[in-house]
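Shown next, in structure tokens, is the structure this report addresses.
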Amino acid sequence: MNYKKKITTLKRAWRTAKSGLLTQGDRSFCTKWWKFSAFHLIELFSSRSMKFKDGLGIVYYTPIHNTSSYITYAKGFRDYNVYMFYKNWLQPSDCAIDVGANVGTHFVPIAKILAEGGIVIGYEVDCEVCSLLDRTCVSNKIKNAIIRCCAASDKGGVINLSRNLVNRGQTSVIRTGDLEGLVGSAVRLDDDVEPLIGDRDVNLMKIDVEGHEAEVIRGATKILTRSGRIAVVMEHFKGNDNEAPKLLSDLGFSPFNALKTGKLESSSDGFGDNIVWVKNTVDVCIKR
Numbered sequence: 001m002n003y004k005k006k007i008t009t010l011k012r013a014w015r016t017a018k019s020g021l022l023t024q025g026d027r028s029f030c031t032k033w034w035k036f037s038a039f040h041l042i043e044l045f046s047s048r049s050m051k052f053k054d055g056l057g058i059v060y061y062t063p064i065h066n067t068s069s070y071i072t073y074a075k076g077f078r079d080y081n082v083y084m085f086y087k088n089w090l091q092p093s094d095c096a097i098d099v100g101a102n103v104g105t106h107f108v109p110i111a112k113i114l115a116e117g118g119i120v121i122g123y124e125v126d127c128e129v130c131s132l133l134d135r136t137c138v139s140n141k142i143k144n145a146i147i148r149c150c151a152a153s154d155k156g157g158v159i160n161l162s163r164n165l166v167n168r169g170q171t172s173v174i175r176t177g178d179l180e181g182l183v184g185s186a187v188r189l190d191d192d193v194e195p196l197i198g199d200r201d202v203n204l205m206k207i208d209v210e211g212h213e214a215e216v217i218r219g220a221t222k223i224l225t226r227s228g229r230i231a232v233v234m235e236h237f238k239g240n241d242n243e244a245p246k247l248l249s250d251l252g253f254s255p256f257n258a259l260k261t262g263k264l265e266s267s268s269d270g271f272g273d274n275i276v277w278v279k280n281t282v283d284v285c286i287k288r
């Protein structure tokens with residue numbers, strides 16, 4: 001095992017994690033060096049995967065070099081405000097979709113909130129990460145989840161993929177015409193979800209797909225139009241194109257930020273980490 005190479009990669013992973021956390025204004029987090037040391041010491045001597053617990057006591061299995069896993073371990077939640085929104089918004093029998101499920105730091109807490117009558121469907125295109133997500137669900141005795149090892153897009157078929165070895169949570173779809181190297185499969189949610197849940201409405205959709213958000217939305221317009229009570233939690237920054245926020249706005253959604261109580265307050269532009277888009281500005285959970 002090349003430890004020099006692993007240490008170099010860990011340094012890069014730390015810079016990535018620190019940069020992401022500082023942009024969220026949580027500078028105090030970076031002083032918790034002991035959590036960084038504990039997590040990455042285990043990571044240093046792990047060949048492919050490791051496990052950790054979050055603030056809810058959920059056990060996760062993760063590939064090494066996954067920034068989302070480190071953030072969840074260090075802070076207790078991947079995004080506490082959004083988790084509280086999930087608790088306020090979701091009803092026990094609801095249906096939820098997690099597009100870009102990664103190791104399950106949103107997916108598994110959602111499954112825990114829902115009762116056996118509810119269901120959450122996770123889409124994760126990285127086969128190794130998908131296998132670890134399945135292991136996490138088994139370890140936590142999750143019975144109301146479906147895991148799909150594929151990407152969501154605006155058309156089905158074979159797609160090119162790019163794997164980020166510094167942050168394994170950033171496997172992304174490459175928009176090129178020629179198929180080469182690492183490839184995966186893609187489905188349209190409008191085609192894929194109905195055989196899984198029948199004519200039930202989808203009440204929550206989380207989208208974190210590294211710049212592929214517009215394609216996911218275009219492939220889910222029937223779901224987003226038909227569902228009366230639905231929220232979309234989406235990570236989308238100003239450096240990306242504006243198509244995804246515009247698509248949601250055109251479908252009758254308005255952007256909000258989640259507060260620590262789980263209530264919502266209006267977002268000025270719809271850009272940022274985990275913006276909550278609510279259809280028809282439903283009064284539920286909205287701060288006045």
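The numbering of the sequence shown is full-length UniProt numbering, which starts it at 1 and goes up by one. Where a beta carbon is used, it is the ideal one built from N, C-alpha and C, also for glycine. All values derive from a computational prediction rather than experimental measurement.
The three-state reading of DSSP puts ARG200 in coil, since its state is none of H, G, I, E or B. In the DSSP annotation of this structure, ASP154 is not part of any alpha helix (DSSP H), being labelled neither H nor E. With the rule of 3 Cβ pairs closer than 8 angstroms, the region 217 to 224 does not count as touching the region 108 to 119. Judged by DSSP secondary structure, ALA96 falls within the beta strand (DSSP E) whose first and last residues are 95 to 99. Boundaries of the alpha helix (DSSP H) around THR72: 67 to 75. Proximity of the region 74 to 84 to the region 127 to 137 falls short of the contact definition, fewer than three beta-carbon pairs being nearer than 8 angstroms. Less than 8 angstroms separates the beta-carbon of ILE230 from that of LYS279. A distance below 8 angstroms separates the beta carbons of LEU56 and PRO109.
Residue range 145 to 148 is occupied by the beta strand (DSSP E) that includes ARG148, with no alpha helix (DSSP H) assigned at that position. Selection SER153, GLU128, GLY118 and ASP250 evaluated against ARG48 yields GLU128 as nearest (Cα-Cα).
In this chain, the beta strand (DSSP E) harbouring VAL187 covers 183 to 187.
Residue pairing of PHE253 in beta bridges, as defined by DSSP: LYS279.
In chain order, LYS279 and ASN280 place their CB closer than 8 angstroms to the CB of GLY252, counting only its own chain and leaving out the 5 sequence neighbours on each side.
In this structure, the beta-carbon distance from ILE64 to MET50 falls below 8 angstroms.
Following the DSSP letters along the chain, one finds LYS260 in no alpha helix (DSSP H), marked with neither H nor E. In the DSSP annotation of this structure, VAL125 is not part of any alpha helix (DSSP H), being labelled neither H nor E. A straight-line Cα-Cα distance of about 27 angstroms links ASP54 and GLU213.
The criterion of a C-beta distance shorter than 8 angstroms is satisfied by SER267 and ASN257.
The Cβ-Cβ distance between PHE52 and THR62 falls below 8 angstroms. Between the alpha carbons of VAL120 and ARG200 lies a distance of about 12 angstroms. Exclusion of the five residues before and after ASN274 leaves ASP79, VAL82, VAL233 and GLU235 as the residues of its chain whose Cβ lies within less than 6 angstroms of its Cβ.
Contact check for SER153 against GLU215 passes: the beta carbons are separated by less than 8 angstroms.
Here the alpha carbons of LYS75 and SER46 stand approximately 22 angstroms from one another. In the DSSP assignment, GLU210 falls outside any alpha helix (DSSP H), carrying neither H nor E.
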